[in-house]
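S.K.: From first to last, the protein sequence lines are chains Z and B. Numbering-wise, the numbering used here puts 103 at position 103 of the first sequence, and it's gapless, one number per residue. Numbering-wise, the numbering used here puts 1077 at position 77 of the second sequence, and it's gapless, one number per residue. Glycine residues also receive a C-beta, built at the ideal position from the N, C-alpha and C atoms.
There are 2 protein chains.
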Amino acid sequence: MTNQLDSFFGAMADPTRRAVIERLASGPASVSELHAPHAMALPTFMRHLKVLEDTGIVRSIKKGRVRTCHIEAAPLIEAQGWLAWQREIWESRLDRLDALAQQISNTKEDQTDAP
Amino acid sequence: MTNQLDSFFGAMADPTRRAVIERLASGPASVSELHAPHAMALPTFMRHLKVLEDTGIVRSIKKGRVRTCHIEAAPLIEAQGWLAWQREIWESRLDRLDALAQQISNTKEDQTDAP
DNA sequence: TCAATACTTAGCCACATGACTAACCAACTA
DNA sequence: TAGTTGGTTAGTCATGTGGCTAAGTATTGA
């Protein structure tokens, strides 16, 4: 279960791989098209692609000698969800602290007003 | 610039570190409190904490012999923003494809209707 | 059919990462 | 003040990751 997030975040931790995602967000592309802007050997680049495919972020089909890649949104949405969830918990806690702080300051006011 | 995302995603790629975030989302805690549920040596755990601190996701203050940690939302929000941005591009592209598909099917209807 | 194209496989190397133990320091507490 | 608690530093080790070259396979176009 957490394994999904492990490999997703791991995949996104590399700038080359994030660049591939950014490129693929605007439409499918072949391996060499994706490789072109990156100054590294093709086999090295292919291994980055493999990481993305293994994680399920990218899918590809080979037709003839060309492999075309496209993006798969599900893992991206899941990770975004996890982050949103954490943020929600964190922010609701801040709200509670805020409420508590107000409560305390109100009590204080009562005390100073009363006698 | 992208370096920020690099280290953030790298930090989140480990289940121990994500568990720490999940714990800290519901309030600050000391190192030993954070360590307790994890079956690993303290120095090992401390290095996970260091990764989180270096990335700016966690801050800590030492008072006496106790170090108390709390979460810092900014990097979390930034990463969420990046994911949302990618998703937006991807979805708007799907919308455009959709519109294009409709346009084509309309043209087809016109053609079949006309003669 | 032959050469170019588009990957693919195999194998190597350097450095990063995650885990451990052992020993240490500093601050409470009895 | 002596022991305990809470954290820290140092050093070792195995595995993972990102990079390379060299050589191989399968399509495609001339």
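Check whether the Cβ atoms of Met12 (chain Z) and Phe1009 (chain B) lie closer than 7 Å to each other.
M.R.: Along the first sequence, read from residue 1 onward, the residue named residue 12 (chain Z) stands at position 12. Along the second sequence, read from residue 1 onward, the residue named residue 1009 (chain B) stands at position 9. Against a cut-off of 7 Å, the Cβ pair of Phe1009 (chain B) and Met12 (chain Z) comes out as a contact.
S.K.: Going by C-alpha to C-alpha distance, which of B:Trp1082, B:Ala1079, B:Gly1027, B:His1070 sits closest to Arg96 (chain Z)?
M.R.: Position 96 of the first sequence, counted from the start, is the residue given in the question as residue 96 (chain Z). Taking only the C-alpha atoms, the option nearest Arg96 (chain Z) is B:Gly1027.
S.K.: What is the C-beta distance between His1035 (chain B) and Leu1024 (chain B), in whole angstroms, given that I count them as a contact (C-beta under 8 Å)?
M.R.: Here residue 1035 (chain B) refers to the residue found at position 35 when the second sequence is read from its first residue. Here residue 1024 (chain B) refers to the residue found at position 24 when the second sequence is read from its first residue. No, His1035 (chain B) and Leu1024 (chain B) are not in contact; Cβ-Cβ is about 13 Å, not under 8 Å.
S.K.: How would you call Trp85 (chain Z), buried or exposed, if buried means at least 16 neighbouring beta carbons within 10 angstroms?
M.R.: Residue mapping note: residue 85 (chain Z) aligns to position 85 of the first sequence, counting from 1. Exposed, because fewer than 16 other Cβ atoms sit within 10 Å of the Cβ of Trp85 (chain Z).
S.K.: Please name the residue, chosen from Z:Ala99, Z:Thr55, Z:Arg65, Z:Leu83, that lies closest to Ile71 (chain Z) on a Cα-to-Cα basis.
M.R.: Residue numbering aside, residue 71 (chain Z) sits at position 71 when the first sequence is read from its first letter. Comparing Cα-Cα distances from Ile71 (chain Z) to each of Z:Ala99, Z:Thr55, Z:Arg65, Z:Leu83, the minimum goes to Z:Thr55.
S.K.: Under the three-state reduction of DSSP, which class applies to His70 (chain Z): helix, strand or coil?
M.R.: Here residue 70 (chain Z) is taken as the residue at index 70 of the first sequence, counted from 1. Strand.
S.K.: Under the assumption that Leu146 (chain Z) contacts Gln1004 (chain B) (Cβ atoms under 8 Å), give the Cβ distance between them as a whole number of angstroms.
M.R.: Coverage of chain Z is limited to positions 1 through 115, which leaves residue 146 (chain Z) absent and any answer about it impossible.
S.K.: Are any of the Cβ atoms in chain Z nearer than 7 Å to that of Arg1087 (chain B)?
M.R.: Along the second sequence, read from residue 1 onward, the residue named residue 1087 (chain B) stands at position 87. Answer yes: the Cβ-Cβ gap between Arg1087 (chain B) and chain Z drops below 7 Å somewhere.
S.K.: Beta-carbon of Met1001 (chain B) versus every beta-carbon of chain Z: anything under 7 Å?
M.R.: What you label residue 1001 (chain B) is simply residue 1 of the second sequence in a count that begins at 1. Because Met1001 (chain B) carries a pLDDT of 43, less than 50, the predicted location of this residue cannot be relied on, and the following value inherits that uncertainty. Closer than 7 Å: no.
S.K.: Please report the residue range of the beta strand (DSSP E) in which Ile61 (chain Z) lies.
M.R.: For the purposes of this step, residue 61 (chain Z) is taken as the residue at position 61 of the first sequence. 58 to 63 is the extent of the beta strand (DSSP E) around Ile61 (chain Z).
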